[in-house]
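Data block below; observations after.
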């Protein structure tokens, strides 16, 4: 175990001891095994073999609470490249520790109707089911493509003020955190379009994070919520940064006389403002929700392309505002069949007025044996161009079976299938079909 | 998780010794007396265990706490098992319902289509849990009267969104509490039977401490045992808000 991990483990132990010394500590957690297999394509074989132990600690007082959740993760794939690595247990059995959340709640701070949360936390905004276009204070976490909509909790100060029927939430995120990318098999290989007489040698990139000054790295958010005409309505505003980077500079360097060039890209996270509206309610017995977010880049992002021919500024993202939205509904039929449908305009990674694609998602779920067994089928269609659906669309989804053999235990088996045109976000990964098997035990 | 079990709990919990003289009470008066008895306390707080028993005799237990004020405000919190610990339901008037799931960190509104779903795998539906307004939702007729009981048949009113074709309710004349209710499905077949026993006087209110709901069609049973019942604590309205729902 390296020093960092030792320190982290010591921190957890000290947190436990601190909790037990001061309040009523409640320790719990979840053990999860997660195995996935890709049956075909270039990357056939196991794609996931993780064991994760999540530990939660809560310490409650009448007017305050401490909460933490940490994940000890064993990847399950040895990281051995030389005989020397065989002496390193961290390479033979790679594992790491993640602090997922750690925060303190103080209730009724200064005023009875003011609650404050300080620490690493998830600030979840929006009413849609996972596809929340107004949820922009925590960066996207695409590590697990099967868990779309997951976000990374970040350090923040959150104040909830409850004047009358209103809920006013203010959030300050002092330091920018970028989004987490998916594994390489779910990424398009980095490329840069070159003129036909040139061929690409080596492509490298560097990511430039914002300066650590508050005016550069901080984000702020404000949300006001109230029930109107039977609907829960919110308006929100976020001044932050796009959590996916855009190229701000490209250097093209010839390496031979045959037209081969090396390309080096610099990526940055542009500033943006997001004005959001969301509602949730019901029409008769049908649950409905909608979110709409107006994204306003504070300025256009230009890519300065430097080559022996000179410097060319190319627009990467204009400063024209663009709108993402999602609408959805759910209903449970008398036979217990649950249906959830959503239409999304603008995926998490979509940008700009011309870069927003459309998604139709439906999930059908049915419980059996008093909820011991759940069968779920989820399907999604991606349409990149309604005028040429045949060539610009993709479909993905799959069945999932969840069984609870006892209290606290859950066994999940399912599959993800993808099919579509390579011109779409998901269609280009149509060789990435997967079968997965998870076991979870909570304690 | 369904809200129905709550109404059952509520119905069971609130017992005022309304000593009605039997005699010639009209069916609606009897039902009103039952409802008044059930809703007598201004508020109540209870911890309870729910044991699910399947047709093989295998058992699973859940623990909950329930806060209730009046007929329209309820806050249900699951305390165990670990995989549902912290899950909370806020039920307000007009079928307004919210769920808080700690794993997602936010409150989500639930539409009323879940009313007839089983509450967290129990034999109570969300609607069963919330059902204390019998007078509003049913038309009663007196089927039978014995020395100690009224037997009422309750037929759902046209506008009420009740998923049963009828109920048959046995009302103890001494307590004006139902000690047995039969639930019939839409085709008219007996679906479930609820019994309420171990009635104790708590804070002046008669409160059944043992409730069983048996699904006779599925041969599955849910047993509710109440503990730590407290009434009339002047629970403030603000405890029945989303702010408190997510405070766990």
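Residue numbers (my numbering), protein chains in the order written: chain A, 5 to 447; chain B, 1279 to 1526.
Using N, Cα and C, we set each Cβ at its ideal position, and we do this for glycine too.
The structure displayed is predicted, hence computed values, not measured ones.
Judging by CA-CA distance, which residue of the options is the nearest neighbour of residue i?
i: residue 1499 (chain B); options: B:1334, B:1390, B:1379; result: B:1334
i: residue 410 (chain A); options: A:382, A:446, A:342; result: A:446
i: residue 190 (chain A); options: A:294, A:98, A:152; result: A:152
i: residue 52 (chain A); options: A:147, A:75, A:132; result: A:147
i: residue 253 (chain A); options: A:297, A:208, A:241, A:262; result: A:208
i: residue 325 (chain A); options: A:342, A:317, A:304, A:308; result: A:304
i: residue 358 (chain A); options: A:369, A:320, A:330; result: A:320
i: residue 213 (chain A); options: A:257, A:425, A:270, A:106; result: A:270
i: residue 1430 (chain B); options: B:1351, B:1353, B:1455, B:1479; result: B:1455
i: residue 1402 (chain B); options: B:1521, B:1506, B:1493; result: B:1493
i: residue 383 (chain A); options: A:354, A:69, A:421; result: A:421
i: residue 275 (chain A); options: A:85, A:210, A:237, A:219; result: A:219
i: residue 1502 (chain B); options: B:1312, B:1313, B:1338, B:1310; result: B:1338
i: residue 1464 (chain B); options: B:1517, B:1443, B:1352; result: B:1443
i: residue 1477 (chain B); options: B:1495, B:1410, B:1461, B:1450; result: B:1450
i: residue 1341 (chain B); options: B:1347, B:1326, B:1331, B:1354; result: B:1326
i: residue 1372 (chain B); options: B:1350, B:1481, B:1381, B:1355; result: B:1350
i: residue 419 (chain A); options: A:31, A:40, A:28; result: A:40
i: residue 1324 (chain B); options: B:1357, B:1313, B:1312; result: B:1357
i: residue 1407 (chain B); options: B:1495, B:1344, B:1453, B:1466; result: B:1344
Using a Cβ cut-off of 9 Å, pull out every chain B residue sitting near residue i, in sequence order please.
i: residue 126 (chain A); result: 1382, 1383, 1384
i: residue 166 (chain A); result: 1516, 1519, 1521
So which residues on chain A does residue i lean against when the C-beta distance must stay under 9 Å?
i: residue 1363 (chain B); result: 30, 32, 446
i: residue 1399 (chain B); result: 371, 373, 374, 375, 376, 408
For residue i, return the contacting residues in chain A, with the cut-off set at a CB-CB distance below 8 Å.
i: residue 1359 (chain B); result: 411, 412, 446
i: residue 1498 (chain B); result: 374
i: residue 1338 (chain B); result: 410, 411
Please list, in chain order, the chain A residues whose beta carbon lies closer than 7 Å to that of residue i.
i: residue 1392 (chain B); result: 336
i: residue 1469 (chain B); result: Under the 7 Å cutoff, chain A gives no residues; its nearest Cβ is about 13 Å from residue 1469 (chain B).
Residues of chain B with CB closer than 7 Å to the CB of residue i, please, in chain order.
i: residue 289 (chain A); result: 1389, 1390, 1391
i: residue 286 (chain A); result: 1389, 1390
i: residue 340 (chain A); result: 1395
Let me check you understand the geometry: is the CB of residue i closer than 6 Å to at least one non-hydrogen atom of the ligand GTP?
i: residue 50 (chain A); result: The ligand GTP is absent from the structure shown, which contains no ligand whatsoever.
Is it true that the segment 184 to 191 of chain A meets the segment 162 to 169 of chain A, where meeting means three or more beta-carbon pairs spaced less than 8 Å apart? By the Cβ criterion, the segment 184 to 191 of chain A is not in contact with the segment 162 to 169 of chain A, since fewer than three pairs of Cβ atoms, one from each stretch, lie closer than 8 Å.
Count the CB pairs spanning the segment 156 to 167 of chain A and the segment 423 to 437 of chain A that are closer than 8 Å, and state whether there are at least three. With the cut-off at 8 Å, the segment 156 to 167 of chain A and the segment 423 to 437 of chain A do not touch.
Cβ contact (3+ pairs, closer than 8 Å) linking the segment 279 to 290 of chain A and the segment 262 to 271 of chain A: A contact between stretches requires three or more CB pairs, one per stretch, nearer than 8 Å, and the segment 279 to 290 of chain A fails this requirement with the segment 262 to 271 of chain A.
Three or more C-beta pairs below 8 Å linking the segment 371 to 378 of chain A and the segment 397 to 415 of chain A: Result yes; three or more Cβ-Cβ pairs closer than 8 Å.
By the 7 Å beta-carbon criterion, what residues does the segment 232 to 260 of chain A contribute toward chain B? Result list: 236.
Touching by the beta-carbon criterion (3+ pairs, under 8 Å), the segment 328 to 338 of chain A and the segment 1386 to 1399 of chain B: The segment 328 to 338 of chain A is in contact with the segment 1386 to 1399 of chain B.
Sequence ranges, alpha helix (DSSP H) only - wholly within the segment 158 to 227 of chain A, length at least 4: Taking 4 residues as the shortest admissible run, the segment 158 to 227 of chain A contains the following complete alpha helix (DSSP H) segments, listed from N- to C-terminal end: 218 to 221.
Inter-stretch contact at 8 Å, needing at least 3 Cβ pairs: the segment 79 to 89 of chain A / the segment 39 to 55 of chain A: The segment 79 to 89 of chain A is in contact with the segment 39 to 55 of chain A.
Please name the residues in the segment 1299 to 1331 of chain B whose beta-carbon is closer than 8 Å to at least one beta-carbon of chain A, in chain order. Within the segment 1299 to 1331 of chain B, contact with chain A at the beta-carbon level (separation under 8 Å) is assigned to 1330.
State whether the segment 117 to 128 of chain A contacts the segment 230 to 249 of chain A, with contact taken as three or more CB pairs (one from each stretch) at a distance under 8 Å. As far as the Cβ criterion goes, the segment 117 to 128 of chain A does not touch the segment 230 to 249 of chain A, which means the pair count is below three.
Which whole runs of the alpha helix (DSSP H) in the segment 1370 to 1457 of chain B are 4 residues long or more, in chain order? List check, alpha helix (DSSP H) in window: 1404 to 1408, 1412 to 1415.
The segment 1509 to 1516 of chain B contacting the segment 1319 to 1327 of chain B, beta-carbon criterion three pairs below 8 Å: Yes: the two stretches touch, three or more of their Cβ pairs being nearer than 8 Å.
Start-end ranges of the beta strand (DSSP E) lying completely within the segment 1298 to 1346 of chain B, minimum 3 residues: Positions of the beta strand (DSSP E) runs, each at least 3 residues long and wholly inside the segment 1298 to 1346 of chain B, are given as 1321 to 1331 in order along the chain.
Is the segment 123 to 134 of chain A touching the segment 294 to 302 of chain A, taking contact as three or more C-beta pairs under 8 Å? Output reads yes: the segment 294 to 302 of chain A touches the segment 123 to 134 of chain A.
Can at least three beta-carbon pairs, one atom from the segment 1355 to 1366 of chain B and one from the segment 411 to 421 of chain A, be found at a separation below 8 Å? With contact defined as three or more Cβ pairs closer than 8 Å, the segment 1355 to 1366 of chain B and the segment 411 to 421 of chain A are in contact.
Entirely within the segment 1469 to 1505 of chain B and at least 3 residues each: give me those beta strand (DSSP E) ranges in chain order. Entirely contained in the segment 1469 to 1505 of chain B, the beta strand (DSSP E) runs reaching 3 residues are, in chain order, 1483 to 1493.
Ignoring anything shorter than 3 residues, give me the beta strand (DSSP E) runs that lie fully in the segment 23 to 76 of chain A, in order along the chain. Correct list: 28 to 42, 49 to 65.
Using 8 Å as the threshold, is the segment 1415 to 1426 of chain B in touch with the segment 385 to 394 of chain A, meaning 3 or more CB pairs across them? Counting C-beta pairs closer than 8 Å gives fewer than three between the segment 1415 to 1426 of chain B and the segment 385 to 394 of chain A, which falls short of the contact rule.
Any beta strand (DSSP E) of 3 or more consecutive residues that is wholly inside the segment 73 to 118 of chain A: Correct list: 99 to 111.
Counting pairs of beta carbons, one from the segment 1299 to 1314 of chain B and one from the segment 1478 to 1494 of chain B, are three or more of them closer than 8 Å? The segment 1299 to 1314 of chain B is not in contact with the segment 1478 to 1494 of chain B.
Are at least three pairs of beta-carbons, each pair with one atom in the segment 62 to 72 of chain A and one in the segment 42 to 50 of chain A, less than 8 Å apart? Remark: fewer than three beta-carbon pairs, one from each stretch, lie closer than 8 Å, so the segment 62 to 72 of chain A and the segment 42 to 50 of chain A are not flagged as touching.
Do the segment 274 to 287 of chain A and the segment 234 to 250 of chain A make contact, defined as three or more Cβ pairs closer than 8 Å? Three or more beta-carbon pairs separated by less than 8 Å link the segment 274 to 287 of chain A to the segment 234 to 250 of chain A, which places the two stretches in contact.
Can you check the segment 305 to 344 of chain A for any beta strand (DSSP E) of at least 3 residues that lies completely inside it and give the ranges in chain order? Listed in chain order, they are 305 to 311, 314 to 321, 326 to 336.
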